[in-house]
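Engineer: Each residue of the sequence shown is one higher than the one before, starting from 1 at the first, in my numbering. The beta-carbon is built from N, C-alpha and C at its ideal position, and this holds for glycine as well. The structure follows.
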Amino acid sequence: MLLVHFHTYKDVVDQLLVYANEKGLKDITLVDGLNENEHLKEDKEGKWQNIVKLKLYGSDFTFKPKKVLKDEVETIYSEDKKIVKQIGYKKVFNKDIKIKKITELIEEVPVHLPLKITSLSKAFSESKIKTVRNLDKWNTKNIKSMLSVFENAKTFNQDISNWDTSNVTNMSGMFKDAAQFNQSLNEWKVHNVVEMEDMFAGASSFNQNLNKWKTTSLENMKQMFWDASKFNGDISTWDVSKVKTLYNTFADATSFNQDISNWITSNVTIMEGTFSRANKFSYSLIKWNVGKVTTTKDFNKGIQSILGEDKLPKFTVPITYS
Numbered sequence: 001m002l003l004v005h006f007h008t009y010k011d012v013v014d015q016l017l018v019y020a021n022e023k024g025l026k027d028i029t030l031v032d033g034l035n036e037n038e039h040l041k042e043d044k045e046g047k048w049q050n051i052v053k054l055k056l057y058g059s060d061f062t063f064k065p066k067k068v069l070k071d072e073v074e075t076i077y078s079e080d081k082k083i084v085k086q087i088g089y090k091k092v093f094n095k096d097i098k099i100k101k102i103t104e105l106i107e108e109v110p111v112h113l114p115l116k117i118t119s120l121s122k123a124f125s126e127s128k129i130k131t132v133r134n135l136d137k138w139n140t141k142n143i144k145s146m147l148s149v150f151e152n153a154k155t156f157n158q159d160i161s162n163w164d165t166s167n168v169t170n171m172s173g174m175f176k177d178a179a180q181f182n183q184s185l186n187e188w189k190v191h192n193v194v195e196m197e198d199m200f201a202g203a204s205s206f207n208q209n210l211n212k213w214k215t216t217s218l219e220n221m222k223q224m225f226w227d228a229s230k231f232n233g234d235i236s237t238w239d240v241s242k243v244k245t246l247y248n249t250f251a252d253a254t255s256f257n258q259d260i261s262n263w264i265t266s267n268v269t270i271m272e273g274t275f276s277r278a279n280k281f282s283y284s285l286i287k288w289n290v291g292k293v294t295t296t297k298d299f300n301k302g303i304q305s306i307l308g309e310d311k312l313p314k315f316t317v318p319i320t321y322s
């Protein structure tokens with residue numbers, strides 16, 4: 001019998017407690033605490049070969065997981081394929097525990113996100129649903145990656161402002177081409193996020209203030225608001241002191257005109273296309289520190305008349321245009 005180096009007995013108890021707490025039950029423990037780090041055994045056929053002995057308020061009982069797979073949990077759908085009855089996930093090469101992609105027409109998911117999951121990468125990409133029941137209730141405190149979660153989810157527009165993003169490091173492509181999404185995210189804790197490349201690229205309805213975001217770890221803003229044609233949210237207070245690239249960050253963001261003149265850009269090396277065709281942007285950037293910038297091609301392409309020489313940073317390399 002193979003040991004499954006994935007779920008331990010303690011994992012089982014922790015997940016059961018999530019459900020039990022809803023019923024006011026908070027005292028589920030293992031009968032033998034010494035085996036809490038023991039792993040479940042593989043049971044592909046679902047023959048109830050794992051027995052977890054538990055104690056609830058002094059009374060013993062057993063829990064028998066059915067099918068146990070190596071390094072993964074299967075997704076279980078309702079017969080009509082519109083409801084996820086059990087969320088699937090698997091261990092991936094970088095040791096993340098990644099949710100299995102949810103199919104495009106799913107209308108409902110379980111209230112509880114499994115505690116083992118650390119990555120929601122592409123979970124709802126290509127979704128055709130505006131709101132997914134229970135999605136807003138997920139506890140996402142263990143999530144590190146939200147890469148492309150709603151990419152190309154053309155109609156998605158659900159309030160997920162209560163999600164806990166305090167441990168997330170990657171939000172690249174999260175709402176890329178999510179054309180209808182326009183919900184407040186200002187209360188999110190993003191202080192650990194390093195990657196925001198393409199985060200709102202093509203999110204053509206998004207227009208929310210993000211001035212409460214603490215972006216102290218942010219390094220990559222490549223194409224972050226590219227073609228976010230309605231975006232004009234306040235981001236003036238962002239800490240961009242670690243950011244290295246502003247490649248096409250506001251390119252084709254045709255409504256954007258916020259005062260970001262006080263941004264500390266001293267570590268940016270790439271400013272190619274930063275405001276290309278952002279035809280409303282008119283604030284002076286003369287105070288920007290651009291000493292490390294090596295690429296300025298198309299920086300203000302198409303808007304030279306409103307972002308002219310008198311407002312440009314003091315680049316040491318000339319701007320060229322394609």
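Does DSSP put Lys55 in a helix, a strand or coil?
Structural biologist: In the structure shown, Lys55 sits in a strand (DSSP, three-state: E or B).
Engineer: Specify the secondary structure class of Leu2 as computed by DSSP and reduced to three states.
Structural biologist: Interpretation of Leu2 is limited by its pLDDT of 39, a score under 50 that renders its predicted location unreliable; the figure taken from the coordinates is listed afterwards. If DSSP states are grouped into helix, strand and coil, Leu2 belongs with coil.
Engineer: Rounded to whole angstroms, what's the CA-CA distance from Gly302 to Phe281? Just pull it up for me.
Structural biologist: About 11 angstroms.
Engineer: Which of the three DSSP states, helix, strand or coil, is assigned to Asp43?
Structural biologist: Here Asp43 sits in strand by DSSP.
Engineer: Span of the alpha helix (DSSP H) holding Gln86?
Structural biologist: Where Gln86 is concerned, there is no enclosing alpha helix (DSSP H), although the beta strand (DSSP E) it sits in stretches over 84-86.
Engineer: Considering only residues of the segment 89-148, which uninterrupted beta strand (DSSP E) runs meet the minimum length of 3 residues and lie entirely inside it, listed in chain order?
Structural biologist: Counting whole runs of 3 or more residues, the segment 89-148 contains the beta strand (DSSP E) stretches 89-91, 97-99.
Engineer: By the DSSP assignment, the beta strand (DSSP E) with Leu30 in it spans what residues?
Structural biologist: Where Leu30 is concerned, the enclosing beta strand (DSSP E) stretches over 28-30.
Engineer: For the alpha helix (DSSP H) that Gln15 lies in, which residues bound it at each end?
Structural biologist: Counting along the chain, the alpha helix (DSSP H) containing Gln15 begins and ends at 9-22.
Engineer: Pick out whichever of Lys137, Lys101, Ser276 has its Cα sitting closest to the Cα of Val149.
Structural biologist: Of Lys137, Lys101, Ser276, the residue nearest in Cα terms is Lys101.
Engineer: With DSSP as the reference, label Asn232 as helix, strand or coil.
Structural biologist: Coil.
Engineer: State the Cα-Cα distance for the pair Lys214 and Gly233, rounded to the nearest angstrom.
Structural biologist: Cα to Cα, the separation comes out at about 15 angstroms.
Engineer: Applying the 10 Å Cβ sphere with the 16-neighbour rule, what's the burial state of Ser184?
Structural biologist: With fewer than 16 Cβ atoms within 10 Å of its Cβ, Ser184 is classed as exposed.
Engineer: Is the beta carbon of Ala203 sitting closer than 7 angstroms to the one on Gln223?
Structural biologist: Contact: no.
Engineer: Mark Met1 as exposed unless 16 or more other C-beta atoms lie within 10 angstroms of its C-beta, in which case mark it buried.
Structural biologist: Any reading at Met1 is ruled out, since the residue's pLDDT is 34, under 50, leaving its predicted position unreliable.
Engineer: Since Phe63 sits in a beta bridge, which residues does DSSP pair it with?
Structural biologist: In DSSP, Phe63 forms a bridge with Val52.
Engineer: Within 10 angstroms of the Cβ of Trp163, are there 16 or more other Cβ atoms? Answer buried if so, exposed if not.
Structural biologist: So Trp163 counts as buried.
Engineer: Pop quiz: Pro114 and Asn134 are said to be a contact at Cβ under 8 angstroms. What is the actual Cβ separation, rounded to whole angstroms?
Structural biologist: Wrong, their Cβ atoms sit about 13 angstroms apart, outside the cutoff.
Engineer: Sort Met174, Ala178, Phe93, Trp288 by Cα distance to Asp259 and report the nearest one.
Structural biologist: Ranking Met174, Ala178, Phe93, Trp288 by Cα distance to Asp259 puts Trp288 first.
Engineer: Nearest CA to the CA of Val194: which residue from Phe63, Phe231, Asn257, Lys244?
Structural biologist: Nearest of Phe63, Phe231, Asn257, Lys244 to Val194, Cα basis: Lys244.
Engineer: To the nearest whole angstrom, what separates the beta carbons of Met146 and Val168, a pair I think is in contact under 8 angstroms?
Structural biologist: Confirmed, about 5 angstroms.
Engineer: Of all the options Ser121, Thr155, Lys137, which has the alpha carbon lying nearest to the alpha carbon of Lys128?
Structural biologist: Closest by alpha carbon: Thr155.
Engineer: Apply the 10 Å Cβ neighbour rule to Lys95 and answer buried if 16 or more other Cβ atoms are within range, or exposed otherwise.
Structural biologist: Under this definition Lys95 is an exposed residue.
Engineer: Is the Cβ-Cβ distance between Asn209 and Asn186 less than 7 angstroms?
Structural biologist: In contact: Asn209 and Asn186 (Cβ atoms closer than 7 angstroms).
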